[in-house]
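Enquirer:
Numbering (the numbering used here), first residue to last: -15 to 137.
#1: Buried or exposed: which applies to residue 84, given that a residue is buried once 16 or more other Cβ atoms fall within 10 Å of its Cβ?
#2: Go ahead and pull the three-state DSSP assignment for residue 72.
#3: Using the C-alpha atoms, what's the distance from residue 115 back to residue 40?
#4: Tell me whether the stretch 69 to 84 and the stretch 121 to 135 touch, counting them as touching only if at least three CB pairs, one residue from each stretch, are closer than 8 Å.
#5: From what residue to what residue does the alpha helix (DSSP H) around residue 9 run?
#6: Report the partner residues of residue 46 according to the DSSP bridge assignment.
#7: Mind checking residue 65: buried by the 16 CB within 10 Å criterion, or exposed?
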């Protein structure tokens, strides 16, 4: 998870350094490789990997009850980076790691306000709630579930 977050941050930093505008193409070049790597790791290991948020862009990324509880812990304790717990997720016993995702002010114009979001965001994500953040705010959480049946790698 740490490597995925570092990849996301590194790709975003590359665009910020070049003064590249936030477009659907820019976002595809930052977000798509991270999602692809998460999917590759999940397929290879049998783990479930997701980025979840309270104020999400995609409703599929809504916090479940356990993730919501962790999110609230992260809100109360800004120094808390990650939590690991034994749990049952979707009926399967295992270990779940939840890690904070903070807003970074790397891409020019980010973070956006409600009325300053690019057209591609308002067009592609009509239910978007992921705006109005400041750099350093808790943006969401990464969730990694490792079923007991797959073991830890």
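Just so you know, even glycine gets a beta-carbon here, dropped at the ideal spot from N, CA and C. These numbers were taken from a predicted model, which means no experiment stands behind them.
Expert: According to the data block:
#1: buried
#2: strand
#3: 9 Å
#4: yes
#5: 8 to 29
#6: Residue 46 pairs with 37.
#7: Exposed, because fewer than 16 other Cβ atoms sit within 10 Å of the Cβ of residue 65.
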